[in-house]
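Remarks on the structure that follows.
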Amino acid sequence: MKRLQSLFYSRDTITVTRELLGKILVREIEGEKISGRIIETEAYTGPGDPASHAFRGPTPRSRIMFGPPGIAYVYFCYGVHHLLNVVTEKDGTAGAVLLRGLEPLEGLDRMMKNRSRKTENGLLDGPGKLTQALEITLSLNGDNLTKGKELYIIEGGTKPGEQIITAPRVGIKDGTDKLWRFRLRPI
DNA sequence: ACAGCGATTGACT
DNA sequence: GTCAATCGCTGTA
Numbered sequence: 008m009k010r011l012q013s014l015f016y017s018r019d020t021i022t023v024t025r026e027l028l029g030k031i032l033v034r035e036i037e038g039e040k041i042s043g044r045i046i047e048t049e050a051y052t053g054p055g056d057p058a059s060h061a062f063r064g065p066t067p068r069s070r071i072m073f074g075p076p077g078i079a080y081v082y083f084c085y086g087v088h089h090l091l092n093v094v095t096e097k098d099g100t101a102g103a104v105l106l107r108g109l110e111p112l113e114g115l116d117r118m119m120k121n122r123s124r125k126t127e128n129g130l131l132d133g134p135g136k137l138t139q140a141l142e143i144t145l146s147l148n149g150d151n152l153t154k155g156k157e158l159y160i161i162e163g164g165t166k167p168g169e170q171i172i173t174a175p176r177v178g179i180k181d182g183t184d185k186l187w188r189f190r191l192r193p194i
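For the first sequence, the numbering used here assigns the number 8 to the initial residue and increments by one for each residue that follows.
Here it is as structure tokens:
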């Protein structure tokens, strides 16, 4: 399958957020392949989006959102979880897509072990859960998804009958007026 | 230099 | 439904 290239990510953040639904996130580690189908995403832009880390301009943490597209932006949240984003827009413009949910494809056993689960229930249905399952930590922050060997996204589409649900983003104080959360099929 | 708090999760009542 | 965990980033001084 074809890996998504820089031109895919280099577009309007909302468009990329919507079009990442159905694509396949792949993690390669220790010769094993772990992957899942992206089913939930959220958009975060720059100045103008009070919920975004980039709202007040570049900081040591958020400057990566202002950089070139197709780069992983991983950050540590609540002192507990790693959250994975993909940088969008052309170099110099801030934007990123938060990956919030996957459907398991490959490496189910390893994902369940990583999550201490015996079934696939609750395995990948949250931004902190999918990073734990795919062993994504700060070491992947700044990784180029269009070139790296450890983490990348490949082509994939929606299934017949699947529809996209639009909703307000969750877990934020400001910016809840925007419908920038996207999900495949009803919960 | 430091206090406050967060793009969450899981355990518990 | 409620709440603690846990730490690095950020704004303010």
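For every residue, glycine included, the Cβ atom is placed at its ideal position computed from N, Cα and C. None of these values were measured; they are calculated from a predicted model.
If you reduce the DSSP assignment to three classes, tell me which class E47 lands in. Reduced to three states, the DSSP call for E47 is strand.
Return helix, strand or coil for G135, following the three-state DSSP convention. helix
Based on Cα-Cα distance, which residue from G86, G168, V33 and K40 lies nearest to L191? G168
Given that a residue counts as buried once 16 or more other Cβ atoms are within 10 Å of its Cβ, and exposed if not, what is Y51? Buried, since its Cβ has 16 or more Cβ neighbours within 10 Å.
Can you tell me whether E37 is buried or exposed, with buried defined as 16 or more other CB within 10 angstroms of its CB? In this structure E37 is exposed. Its beta-carbon is surrounded by fewer than 16 other beta-carbon atoms within 10 angstroms.
If you count every other CB in all the chains shown that lies within 10 Å of the CB of Y159, and 16 or more means buried, which is it? Classification for Y159: buried.
Sequence ranges, beta strand (DSSP E) only - wholly within the region 80-167, length at least 3: 88-94, 103-113 and 158-161
Please confirm whether Y82 and R63 have their CB atoms less than 8 Å apart. In this structure, Y82 keeps its C-beta atom at 8 Å or more from the C-beta atom of R63.
Mind checking whether I41 and L28 have CB atoms under 8 Å apart? no
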